[in-house]
Each structure stands twice: as structure tokens, then as C-alpha cells.
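Residue numbers (the numbering used here): 201 to 509. Think of the CB as a built atom: it goes at the ideal place given N, C-alpha and C, for glycine as much as any other residue. Working notes for the structure below.
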Ligand code: GLU
């Protein structure tokens, strides 16, 4: 039987020796300061045990990985009516594209591109002040990670607010079609804070465990989402989780996954493991370069691809 810890140690050692580890996100100044030469990986198994290697205890900005959790939260609160505000098809466009949004009359293609995630935040905000909605999101993620120490980095949230013209355009555009109810600055305030959550690989892998375990947290026994919903969230992660590199990720790795421009990726091997990897250097479409390579190797060596060994 393949030894998971040995595989992780080898993957981390290999990552440490790679020269070209991609380029850190430049458009959010706080993220541009992060040292690209970092790499961490953690795997949580259904019995709750954690294996990790590299910088797995170093916190990073989870950015768009948070969109998995806000989707789960919105579906829990509003059920399938979420799908009248946002679709579930891959976009094939960059994560912040506005073109498709015009063609499709303000209804974003899926909940993982920026427009879709902003629409999901608007749904979560119903009946809440922005601060309360931020509180609800953070509590949900702390609950999933079983860790109350998880916080938001205010510097990152502010840095993104100051450079958030593109996201503001997307939100105003959707509002002009009646697909955003709340004032745009309130919705963006919540969205930027959700993206600025700081987690390490161990916390992130733990928080994703319910998706590897039919919607149930196998450690606490809590049913987070129904089995069908977990399956569907995984399906959207597989088809839409890596921007316009989602097809390539499915081809190389073969697992549902969601990446963020902070360099984190949450990947799910259903029934087998929840995996978080982080390396801040990104490839051309904005996915962690070493993170993707690590997952490709891990899935191959553990026979975890959802498409078969
Ligand atoms: N907060 C980032 C943005 O809206 C998230 C992007 C990402 O991680 O994909 O631009």
C-alpha cells in the first residue's frame, strides 16, 4: 500500500527544488508582497487524521477557495432557489470577465467566477447587515474547520477594496439587471472580507472534509449539507473550480477542486480525502503552479482520480 506521508514528503521536497514557481497575484497589492517560494500541503482522511508536509501550518489568503463555503452556506439557507440567480456551467472565460455577463443578462455562469460569487454573497446577506453576514460566513468556516482561531486579514480586505473596480463593475452590472438586491458597496464589503480569510493547509483540508464524506463531518457527526448537495458541489468544483483552466485541471488531476489567487487549492477525493495545497506562485490563468503539479502527482500516486485508477 502506498504510504501517504511518504508521498507528501517527496512532493514537498520536489516543490522546494523547483526554480520556476510561477508569479504571485499582482492586482491585489497585499498579495503581491507574498514570497512565492513557499509550499504546503495537508490531507485530511475521513477518520479525521491529518497528514501534511512543507509549510502546511502557514496561513495564507484563501481568496476564491472561500466560494465553495459560501455556496454551501447559501444552499443551506435558500435551497435550490440559489440557481435562479446563478448558473452552473463552466465559463471558459477569465474569472473577472464582464463580456459573458452582458450576453447572459446579468446572471453569472457559475458561483465560482467573481460575478457568481458576488451574487451568492448578495443572497446570503438577505435580512442581514454586512457585518452580520461576514460574521455568519466566518462562523460557518470556523465550524467546518473545527477551529475558532480563523480570522480575516483586514489589510488584504482593504487592499482589495481600494483596487476593486473590476468587481464593482460586475456588481453594478448585475444590479442593473435586478440580480443584486443590496447596495453594491455593502455586497462588495462582504465579498472582499470573505476572500481575505486566512487559513493554513491543515485548517482548509479539515474544512473541506464534509465534501469528501457525503456532506457529513465524519469527526463531529454533523450533517453539513445533504449527500446529494455535496455531490453537486463537487461536480461544480470539477467543472468550474479553476477559472478557464478547469478543463486542464480535470485532465491533469482528475479531482473536484477550487483554487484562489492567493495560491491555495482545495481538492476533494470523494470518500477518500480532503486535500489543501498552497503555493503562492500562479500560472497563466491564475491557478497555483506548484499546487497543481503537486495535486497531479498526489492523485496519480494514490489512485485518487475520480475518473479511475
Ligand atoms: N478576491 C479576488 C477577486 O475578486 C478573488 C479572485 C480569486 O481568487 O479568484 O478578484
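Going along the chain, which unbroken runs of the alpha helix (DSSP H) with 4 or more residues stay wholly within the segment 393–472? 401–407, 409–412, 427–440 and 446–452
Kindly examine ligand 1 and report whether one of its heavy atoms sits closer than 6 Å to the Cβ of residue 295. yes
Whole-angstrom Cβ separation of residue 356 and residue 371, contact assumed at under 8 Å? Actually they are not in contact, since the Cβ atoms of residue 356 and residue 371 sit about 19 Å apart, beyond 8 Å.
Look at the alpha carbon of residue 317 and the alpha carbon of residue 253, and state the distance between them as a whole number of angstroms. 31 Å
So residue 404 and residue 476 are in contact, right, with Cβ under 8 Å, and what is the actual spacing, rounded? 4 Å
Own chain residues within Cβ distance below 7 Å of residue 206, not counting five before or after: none
Between 274, 263 and 314, which lies nearest to residue 396 when the distance is taken from Cα to Cα? 263
Tell me whether residue 263, by its Cβ, gets closer than 6 Å to a heavy atom of ligand 1. yes
Hey, residue 481 and residue 223 are a contact pair by Cβ (cut 8 Å); roughly how many whole angstroms apart? 6 Å
Who are the near neighbours of residue 360 in its chain, counting only those whose CB is closer than 6 Å to its CB and skipping five residues on each side? 228 and 392
Near residue 368, what residues of its chain come up, given a Cβ to Cβ distance below 7 Å and the 5 sequence neighbours on each side ignored? 384 and 388
Less than 7 Å separating the beta-carbons of residue 381 and residue 322? yes
Beta-carbon proximity of residue 326 to residue 390, cut-off 7 Å: no
heavy atom of ligand 1 below 6 Å from residue 460 C-beta: yes
Who are residue 270's beta bridge partners in DSSP? Its beta-bridge partners do not exist; DSSP assigns none.
Give the DSSP-derived three-state secondary structure of residue 242 in the structure shown. strand
Identify the residues that DSSP records as bridge partners of residue 475: which are they? 243 and 467
Since residue 290 and residue 446 should fall inside the 8 Å C-beta cutoff, what is the C-beta to C-beta distance between them, to a whole number of angstroms? 5 Å
Spatial distance of residue 350 from residue 256 (CA atoms): 15 Å
Mind checking whether the beta-carbon of residue 314 lies closer than 6 Å to any heavy atom of ligand 1? yes
Any C-beta of chain B sitting closer than 7 Å to the C-beta of residue 502? The question asks about chain B, but that chain is absent: this structure has only one protein chain.
Any idea which residues DSSP pairs residue 223 with across the strands? 482
Would you kindly work out how many angstroms separate the C-alpha atoms of residue 267 and residue 247, rounded to a whole number? 25 Å
Limits of the unbroken beta strand (DSSP E) element including residue 207: Unbroken run through residue 207 is the alpha helix (DSSP H), 204–217; no beta strand (DSSP E).
Simplified DSSP assignment, three categories, for residue 340: helix
Heavy atom of ligand 1 within 6 Å of residue 367 beta-carbon: yes
Residue 279, DSSP secondary structure in three states: helix
In the DSSP output, what is residue 352 paired with across the bridge? 397
With 16 other CB atoms within 10 Å as the buried threshold, where does residue 459 fall? buried
Would you mind giving the Cβ-Cβ distance between residue 474 and residue 408, rounded to the nearest angstrom? I have them listed as a contact below 8 Å. 4 Å
Would DSSP call residue 251 helix, strand or coil? strand
Using only the alpha-carbon positions, how far apart do residue 505 and residue 455 sit? 6 Å
Starting from residue 236, follow the alpha helix (DSSP H) in both directions and report where the run begins and ends. Premise fails: residue 236 is in no alpha helix (DSSP H) and is neither H nor E.
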